[in-house]
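K.L.:
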Amino acid sequence: MNQEERLNYLVKELIDEEDELKEVEIPEDYQEKRRLLRALMNIRMPKKASRKFLKIQDEFLQEEAEDKGIIYAENLPAASERRRGSKVRNANKMVLWQGDITRLACDAIVNAANARLLGCFVPNHGCIDNAIHSAAGIQLREECARIIEQQDDEEPIGQAKITRAYNLPCDYVLHTVGPIVQGEVTEEQKQELKSCYESCLKLAEKYHLESVAFCCISTGEFHFPNEMAAEIAIGTIDEFLDTAVHVKKVIINVFKEEDYKIYDRLFR
Numbered sequence: 001m002n003q004e005e006r007l008n009y010l011v012k013e014l015i016d017e018e019d020e021l022k023e024v025e026i027p028e029d030y031q032e033k034r035r036l037l038r039a040l041m042n043i044r045m046p047k048k049a050s051r052k053f054l055k056i057q058d059e060f061l062q063e064e065a066e067d068k069g070i071i072y073a074e075n076l077p078a079a080s081e082r083r084r085g086s087k088v089r090n091a092n093k094m095v096l097w098q099g100d101i102t103r104l105a106c107d108a109i110v111n112a113a114n115a116r117l118l119g120c121f122v123p124n125h126g127c128i129d130n131a132i133h134s135a136a137g138i139q140l141r142e143e144c145a146r147i148i149e150q151q152d153d154e155e156p157i158g159q160a161k162i163t164r165a166y167n168l169p170c171d172y173v174l175h176t177v178g179p180i181v182q183g184e185v186t187e188e189q190k191q192e193l194k195s196c197y198e199s200c201l202k203l204a205e206k207y208h209l210e211s212v213a214f215c216c217i218s219t220g221e222f223h224f225p226n227e228m229a230a231e232i233a234i235g236t237i238d239e240f241l242d243t244a245v246h247v248k249k250v251i252i253n254v255f256k257e258e259d260y261k262i263y264d265r266l267f268r
């Protein structure tokens, strides 16, 4: 099968799963059809799929990942190499990288999850939770659902869980739920955000992961002020790296130019 044949198969299978989707029109244009596939994956509840579906989905997503271009963590320069004399103690173990986190080949990437831990159900939404689940495949939602079922409760703010990464180029995904800010940031919310970073790094140490990529947790949809969030992130990571045994490289992944400028200034 080529990519278009895989795409046609996946769209048809997901539509055929649900009676209420039978009337959905499948567009002819490849990109529009690809958007439809992502939307169908986004709204699909966690449940088993056939081996054939998973095989074709995995082939499709892995070829897409190759086409987008995989970024290898070991090739990214440390912050200390680009910002001489940084006051960040462990700048030699930290990286500032701007781009799509789903392209990173490292031991683990961090997902800014919601309390349900099931990913974003809004079709084609622009949040990182949606992007990570869409690139990983439907297996990620299934594994997250098993975690929630086992703990019989929503995921608490500031903690973290680890899952496989499936079709992402990294090995694992660390899921953490950050605080949602409405109005002024409270001291409790600052501690909760700090705990998100600490919990992920502790999990990485526990699983002997050497490279971890963080997104900008709680900014954007959760409205934590970008500058304050960046200060907490760098301070917490820097402090943790003072005594870390297994974690050797922490990548701070930013997508927006605004966040890049903030972190670049803080590193200097």
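Take the sequence shown: its letter number 166 is residue 166 in UniProt numbering, and every next letter is one higher.
Glycine included, every Cβ here is placed at the ideal spot set by N, Cα and C.
Could you pull out every unbroken alpha helix (DSSP H) segment of at least 4 residues lying fully inside the region 92-150, listed in chain order?
P.N.:
Runs of the alpha helix (DSSP H) inside the region 92-150: 128-136.
K.L.:
Can you tell me which of LEU140, ALA145, ASP259 and GLU66 puts its alpha carbon nearest to the alpha carbon of PHE224?
P.N.:
Ranking the options by Cα distance to PHE224, first place goes to ASP259.
K.L.:
Could you tell me the alpha carbon to alpha carbon distance between ALA91 and THR219, rounded to whole angstroms?
P.N.:
For ALA91 and THR219, the distance between alpha carbons rounds to 23 Å.
K.L.:
Would you tell me roughly how many angstroms separate the C-alpha atoms of PHE59 and ARG38, rounded to the nearest one?
P.N.:
The identity of residue 59 in the sequence shown is Glu, whereas the question assumes Phe. Rounded to the nearest angstrom, the two C-alpha atoms are 15 Å apart.
K.L.:
Identify the continuous beta strand (DSSP E) that holds ARG268 and give its terminal residues.
P.N.:
Per DSSP, ARG268 belongs to no beta strand (DSSP E) and is neither H nor E.
K.L.:
Which same chain residues end up closer than 6 Å to ILE162 when comparing Cβ atoms and leaving out the 5 residues on each side of it in sequence?
P.N.:
Answer for ILE162: TYR172, LEU174 and LEU203, listed in chain order.
K.L.:
Could you tell me whether the region 108-120 touches the region 4-21, using the rule of 3 or more Cβ pairs below 8 Å?
P.N.:
Result no; under three Cβ-Cβ pairs closer than 8 Å.
K.L.:
Per DSSP, what are the beta-bridge partners of ILE251 in this structure?
P.N.:
DSSP output for ILE251 lists VAL95 and ALA213 as bridge partner(s).
K.L.:
Compare the Cα-Cα distances from PHE101 to each of ALA233, GLU20, CYS170 and LYS55 and report the closest residue.
P.N.:
It is worth fixing the name first, because residue 101 is Ile in this sequence and not Phe. The shortest C-alpha separation from ILE101 is found at CYS170.
K.L.:
Can you give me the start and stop residues for the beta strand (DSSP E) that VAL177 sits inside?
P.N.:
172-177 is the extent of the beta strand (DSSP E) around VAL177.
K.L.:
At what residues does the beta strand (DSSP E) containing LYS161 begin and finish?
P.N.:
Unbroken beta strand (DSSP E) run through LYS161: 160-164.
K.L.:
Expressed to the nearest angstrom, what Euclidean distance is found between the alpha-carbon atoms of LYS48 and GLU142?
P.N.:
Each residue's Cα considered, the two are about 8 Å apart.
K.L.:
By Cβ distance below 6 Å, which residues in the same chain neighbour ARG89 in space, the five residues on each side in sequence not counted?
P.N.:
Correct list, in chain order: ASP238.
K.L.:
Would SER50 be called buried (16 or more neighbouring beta carbons within 10 Å of its own) or exposed?
P.N.:
Result: exposed.
K.L.:
Give the straight-line distance between the Cα atoms of CYS200 and VAL247, rounded to the nearest whole angstrom.
P.N.:
CYS200 and VAL247: Cα-Cα distance of roughly 11 Å.
K.L.:
Measuring CA to CA, which of ILE147, PHE255, GLN3 and LYS190 is closest to VAL65?
P.N.:
According to the sequence provided, residue 65 is Ala. The question's Val does not apply to it. Looking at the Cα atoms, GLN3 is the closest of the given residues.
K.L.:
If I follow the unbroken alpha helix (DSSP H) through TYR30, where does it start and stop?
P.N.:
It spans 30-43 - the alpha helix (DSSP H) in which TYR30 sits, taken as one unbroken run.
K.L.:
Look at the Cβ atom of ALA44, then the Cβ atom of ILE138, and state whether they are nearer than 8 Å.
P.N.:
Strictly speaking, residue 44 in this sequence is Arg, with Ala absent from that position. Result yes, Cβ atoms of ARG44 and ILE138 sit closer than 8 Å.
K.L.:
Only counting the same chain, and skipping five residues up and downstream in sequence, which positions put a Cβ closer than 8 Å to that of VAL185?
P.N.:
Once the five neighbours on either side are set aside, the close Cβ partners of VAL185 are PHE224, PRO225 and MET228.
K.L.:
Quick check: the region 113-128 against the region 149-169, are there 3 or more CB pairs under 8 Å?
P.N.:
Result yes; three or more Cβ-Cβ pairs closer than 8 Å.
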